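Residue numbers (the UniProt record's numbering): 1 to 438. This report refers to the structure that appears directly beneath it.
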C-alpha cells in the first residue's frame, strides 16, 4: 500500500504525462484522477450535428453554442471580455504584458452562452435566444428599439404579426430589469404566438419587446426566460412542469432542451442520474440547490462552515463560469494546484481564472465532485469539460472563479456533458452523468 501511495505521488508531482507516452494513452489514471486527451476538449471548425440520441417525442429545441460553427450568428469574439457572457459578475480583464509564465492573451477555443431558435408572430419571425434559467421573462429586440440595436440585428416587428396583441390582461405595460453586471433592458409587454421547430405553438405567449438596451448584449436576439415566476416559459405551459437540457462539451457540438414528463425517460441514457431538492433562496426567480461540499482528487475540502454561512447555491444556465465564496474558491484552487504540480502554472493577475497550465497530450487532472443535499446527499462528478476552460491547444484553466458578494452560482461550464433535469412539480433537480455525446 505504501508503495502504491508513493507511486501515485510520483506520477502527480512529476507529471503523469511524462510516462504516458510509455504506458500509452489508454492507461488508467491513478484513483480520483482523469487522463484527458486535449482533442476531446477542442471544438472542430465545422458543426458536429447530433447523429444519435433518444427519440422521446417532439417537445424539444436544439441548443447551439452562440459562438460555435453550428450557430447561425457565429461570430468570433474579438476581445477578452467577449469570451464570457456579460451576466458573469466578474469579467475577463484586458491583460497587459507580463513576466514569464504569465497568460498574455485569450484565444478562441472556448466560449460561453447557448441559444435556441424560436419563432414569434404570424407570419413567423425567427430569433436565436439565449436560454436562461436565471431570467424570469422572455425578451427580444424590437423594431421600435431606440438604443442598443444595430441594423444587423434581427428585430421583432409587431406591426406585421396578425396574432400580436397588447389588449389582454398581462399583455401590456412597461418592463425594466437591471442585471448584475450593470447592464439593463427596458421595453413593453406584449403577447404573440411562440413557435418552436419541435414544440408546436404556444398561443398568446407573454414576452417583452425590448426597446432600450444598456450594456454589451453582443449579437444575441434576446433571452428565453426559463426562471421561476408568472412570466417564465414554464409558467405559461402549465401542463409541462418538467424540462431538461444537455449542454454540449465543445462549441462545435449541439445539445437539446426538452419539455414535458418524457425527460425522465431521456435520463436513462446516462449511466447515473441522481436527484437533489430544489430549495428557496433570496432570488425568487432563481433555482437554488444545497451545495454542501466539494471534493478534489477524492478529498473533501474543509469548507463546510463557509458553505453553510454563504447560503444556498444558484444553478444557472446563463452564467458561464461557476463562482464560489472566496474561502471556498481558495480551498478548491489550492487543492487543484497541489494535484497539478507536474505542470507549468501560468501566473496571472486576472481574478476570473487564476489557475492556468501549459499541458501536453495527454495530461491528467484531479476529479472534482459536487456534494448536494442536506437531508439526502448526492455526489456529482464533473466532466473534464466541466472542470477546464480551454484557451489554446496547450493552455487550460480551472474553470472556477471567486465571487465578490459571497454568492455561489453554478454556471453552464460545470454543467457541460450533463443531462440536467428540472422537476418543478416535485421541487427537485436531477443530474445525469456519463451521458452519450450527441
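A virtual CB, placed ideally from N, CA and C, is assigned to each residue, including glycine. Computed from a prediction, not measured in an experiment: that's the story for all the values here.
If you count every other CB in all the chains shown that lies within 10 Å of the CB of residue 298, and 16 or more means buried, which is it?
exposed
Who pairs with residue 416 in a beta bridge, going by DSSP?
247
Pairwise C-alpha distance: residue 153 and residue 440:
Because the chain is modelled from 1 through 438, residue 440 falls outside the range shown and cannot be assessed.
Cβ-based burial, residue 114 [other Cβ within 10 Å; buried from 16]:
buried
Under 8 Å Cβ to Cβ from residue 225, same chain only, skipping five residues before and after it: list those, please.
132, 135, 136, 137, 138, 139, 231, 232, 233
Please report the distance separating the alpha-carbon of residue 386 from that of residue 352.
16 Å
Could you pull out every unbroken alpha helix (DSSP H) segment of at least 4 residues lying fully inside the stretch 153-218, listed in chain order?
none
With a 10 Å radius around its C-beta and 16 neighbouring C-beta atoms as the bar for buried, classify residue 334 as buried or exposed.
It is exposed - the Cβ of residue 334 has fewer than 16 other Cβ atoms within 10 Å.
Please state whether the Cβ-Cβ distance between residue 142 and residue 211 is less than 8 Å.
yes
With which residues is residue 36 paired in a DSSP beta bridge?
363
CB-CB length for residue 172 against residue 271, believed under 8 Å
Approximately 49 Å separates the beta-carbon atoms of residue 172 and residue 271; this is outside 8 Å, ruling out the contact.
Secondary structure at residue 147, three-state DSSP: helix, strand or coil?
strand
Just to confirm the assignment, what range does the beta strand (DSSP E) spanning residue 295 have?
291-296
Tell me the rounded alpha-carbon separation between residue 342 and residue 302.
24 Å
Output needed for residue 417: all residues of its chain with C-beta closer than 7 Å, excluding positions within five of it in sequence on either side, in chain order.
249, 383, 385, 386, 435
For residue 103, count neighbouring C-beta atoms within 10 Å of its own C-beta (all shown protein chains included) and say buried if the count is 16 or more, exposed if not.
Any reading at residue 103 must be qualified, since the residue scores a pLDDT of 32, below 50, and its modelled position is unreliable; no value is offered.
Could you give the first and the last residue of the continuous beta strand (DSSP E) run that contains residue 408?
If you look at residue 408, you'll find it in the beta strand (DSSP E) that goes 408-410.
Once you ignore the five residues that flank residue 148 on each side, which residues in its own chain have a CB closer than 7 Å to its CB?
In its chain, beyond the 5 residues on either side, 212, 213, 214, 217 have a beta carbon closer than 7 Å to the beta carbon of residue 148.
Where does the unbroken alpha helix (DSSP H) through residue 333 begin, and where does it stop?
326-338
Touching by the beta-carbon criterion (3+ pairs, under 8 Å), the stretch 394-408 and the stretch 314-330:
Yes, they touch.
Would residue 174 pass as a contact of residue 188 if the rule is Cβ separation under 8 Å?
yes
With 16 other CB atoms within 10 Å as the buried threshold, where does residue 321 fall?
buried
Status (buried if at least 16 other CB within 10 Å, exposed otherwise) for residue 118:
Classification of residue 118: buried, given that the 10 Å Cβ count is 16 or more.
Are there 16 or more other CB atoms within 10 angstroms of the CB of residue 159, so buried, or fewer, so exposed?
exposed
With 16 other Cβ atoms within 10 Å as the buried cut-off, status of residue 414
When all chains shown are included, residue 414 counts as buried.
Alpha carbon to alpha carbon, what distance is there between residue 381 and residue 431?
10 Å
Rounded separation between residue 165 and residue 223 - CA only
20 Å
Can you give me the Cβ contacts of residue 205 inside the same chain, cut-off strictly under 8 Å, excluding the 5 residues immediately before and after it?
When the five nearest sequence neighbours on each side are left out, the beta carbons in the same chain lying within less than 8 Å of the beta carbon of residue 205 are those of 120, 138, 191, 192, 193, 194, 236, in order along the chain.
Less than 8 Å between the beta carbons of residue 294 and residue 377, yes or no?
no
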